[in-house]
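This report concerns only the one structure given below.
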Amino acid sequence: MNNFKAMVLDKVNDQTKLEIKQLRMEDLPEGDVTIQVAYSSVNFKDGAVAILNKFVSSYPVVPGIDLAGTVIDSKDERFTKGDEVIVTSYELGTGHFGGFSELARVPAEWVVPLPKGLSLKESMVLGTAGLTAAIAVQRLEDNGLEPSQGPVLVAGATGGVGSVAVNILAKKGYEVVASTGKKDQEEYLKGLGAKQIIHRDEIVDNDNQPLREEKWAAAIDPVGGKTLQYILSTLKYGGSVATCGFTGGSEVSTTVFPHISRGINWLGVDSVQYPRNERLKVWNRLGNDLKPTTLNEEMVNEISLEELPGVLAAILEGKVRGRTLVKL
Numbered sequence: 011m012n013n014f015k016a017m018v019l020d021k022v023n024d025q026t027k028l029e030i031k032q033l034r035m036e037d038l039p040e041g042d043v044t045i046q047v048a049y050s051s052v053n054f055k056d057g058a059v060a061i062l063n064k065f066v067s068s069y070p071v072v073p074g075i076d077l078a079g080t081v082i083d084s085k086d087e088r089f090t091k092g093d094e095v096i097v098t099s100y101e102l103g104t105g106h107f108g109g110f111s112e113l114a115r116v117p118a119e120w121v122v123p124l125p126k127g128l129s130l131k132e133s134m135v136l137g138t139a140g141l142t143a144a145i146a147v148q149r150l151e152d153n154g155l156e157p158s159q160g161p162v163l164v165a166g167a168t169g170g171v172g173s174v175a176v177n178i179l180a181k182k183g184y185e186v187v188a189s190t191g192k193k194d195q196e197e198y199l200k201g202l203g204a205k206q207i208i209h210r211d212e213i214v215d216n217d218n219q220p221l222r223e224e225k226w227a228a229a230i231d232p233v234g235g236k237t238l239q240y241i242l243s244t245l246k247y248g249g250s251v252a253t254c255g256f257t258g259g260s261e262v263s264t265t266v267f268p269h270i271s272r273g274i275n276w277l278g279v280d281s282v283q284y285p286r287n288e289r290l291k292v293w294n295r296l297g298n299d300l301k302p303t304t305l306n307e308e309m310v311n312e313i314s315l316e317e318l319p320g321v322l323a324a325i326l327e328g329k330v331r332g333r334t335l336v337k338l
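Adding 10 to a residue's 1-based position in the sequence shown gives its number in this note's numbering.
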């Protein structure tokens, strides 16, 4: 396959243009492993790259921070032709041609063998969102979280990270409280395993109180902003919040009081530069004990490359539920 389709974001004279183009093999960037892409997925960051032109370090670029497919050529002895692999994060889709393409070429250090227990399609239902959710769960459990300690809050629960987090936590026996601004998604969230659904307006700090009634043993927060402020003020003694996004804002106003009077833990979750050895462990868990139960069910919407621009715009507006796959 010397010619292939890709979505390309380019910039000429300060004007950006997003279009589906025919590329040639020689258009691909340098790298050790060339992959025939089977699936990519749509993340909030992809919308920010393609529509808002944020996070882009060089042009032209093929967006798409996730991909899964089959190796067709490798200069690295760890991978051979025919291997099924996953690539997520690093500079993929921001400074290096990413997953919205029928072919990709990447550094070998970015490549993860497809774990046992996952298909290529399932790996992209997870993608960066699933990896982030799993890292968040692991960070919480590394800090002592157990199901017997009480309810776990998941903010932004209908989004990619939130949906996967709700399902993983429920599968592991936690009492999950899901927060969303979408009043019509209660059945969806209960199907993922949430025991209680609350409106996002109930967990917003509008009066800058440093401490409130203790409610949650832990929380996973892809929202940030005033939602995170509220969570910090309502964690139980010794509780933890795993922060993994900022769809609700990047600025947080808080005090030392929740930390020194309740001993809470504010845990940062990064999936972009997450160390390779730890990344392999989490991906293997996603094929095993952390594998969600709804990977091929209501959580998933599958689209073509041609349908992608509309979805990229919609995800920035909070109009995309669960996970959207791009079938290449």
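By construction, the Cβ of each residue, glycine as well, lies at the ideal position given by its N, Cα and C atoms.
Each residue's CA atom was taken as its position, placing residue 33 and residue 243 some 52 Å apart. Residue 29 sits in a strand when the DSSP states are folded into three classes.
By the criterion of at least three beta-carbon pairs nearer than 8 Å, the segment 273-286 is not in contact with the segment 181-195.
Minimum Cα-Cα distance from residue 221 among the listed residues 165, 269, 323 and 26 corresponds to 269. With contacts defined by Cβ atoms closer than 8 Å, residue 112 and residue 338 form a contacting pair.
Residue 14 sits in a strand when the DSSP states are folded into three classes.
Of the other Cβ atoms in all chains shown, fewer than 16 fall within 10 Å of the Cβ of residue 314; this residue is therefore exposed. Here residue 100 carries a coil assignment [DSSP, helix/strand/coil].
Here residue 239 has 215, 262, 263 and 264 as same chain residues with Cβ atoms under 7 Å from its own Cβ, once five neighbours each way along the sequence are excluded. Close CB contacts of residue 325 within its chain, under the 8 Å cut and outside five residues either way in sequence, are with 52, 53, 54, 56, 57 and 334 (chain order). Within the same chain, and ignoring the five residues on either side of residue 150 in sequence, the residues whose Cβ sits closer than 6 Å to its Cβ are 228, 250 and 252.
Contact between residue 47 and residue 92 does not hold, since their C-beta atoms are separated by about 15 Å, which reaches or exceeds 8 Å. Per DSSP, residue 76 is one residue of the beta strand (DSSP E) stretching across 76-84. Around the Cβ of residue 211, a 10 Å sphere holds fewer than 16 other Cβ atoms; the residue is exposed. For residue 40, the CB contacts under 8 Å within the same chain, skipping 5 residues up- and downstream, are 115 in chain order.
Under the three-state reduction of DSSP output, residue 264 falls in the coil class, being neither helix nor strand. In the three-state DSSP reduction, residue 295 falls in the helix class (H, G or I).
According to the DSSP secondary-structure assignment, residue 188 is paired through a beta bridge with 164 and 207. Bounds of any alpha helix (DSSP H) do not take in residue 280, whose DSSP letter is neither H nor E.
Distances from the alpha-carbon of residue 225 to those of 218, 241, 233 and 231 put 241 closest. For the pair residue 12 and residue 25, the Cα-to-Cα distance works out to about 29 Å.
The beta carbon of residue 282 is closer than 7 Å to those of 99 and 100 in its chain, skipping five residues each way along the sequence. Cα atoms of residue 124 and residue 89: separation of roughly 11 Å, rounded to the nearest angstrom. The closest CA to that of residue 219, considering only 267, 258, 247 and 205, is found on 267. Here residue 82 is not near residue 109, since their CB atoms are 8 Å or more apart. DSSP places residue 231 inside the beta strand (DSSP E), whose first and last residues are 226-231. Taking the Cα positions, residue 121 is about 17 Å away from residue 139. Around the C-beta of residue 301, 16 or more other C-beta atoms lie within 10 Å, and the residue is accordingly described as buried.
Within the DSSP bridge table, the entry for residue 111 names 16 as partners.
The residue among 332, 135 and 102 with its C-alpha nearest the C-alpha of residue 297 is 135. Looking only at 223, 259 and 230, the smallest Cα-Cα distance to residue 236 is reached by 259. With respect to residue 159, residue 187 sits apart: the two C-beta atoms are not nearer than 8 Å.
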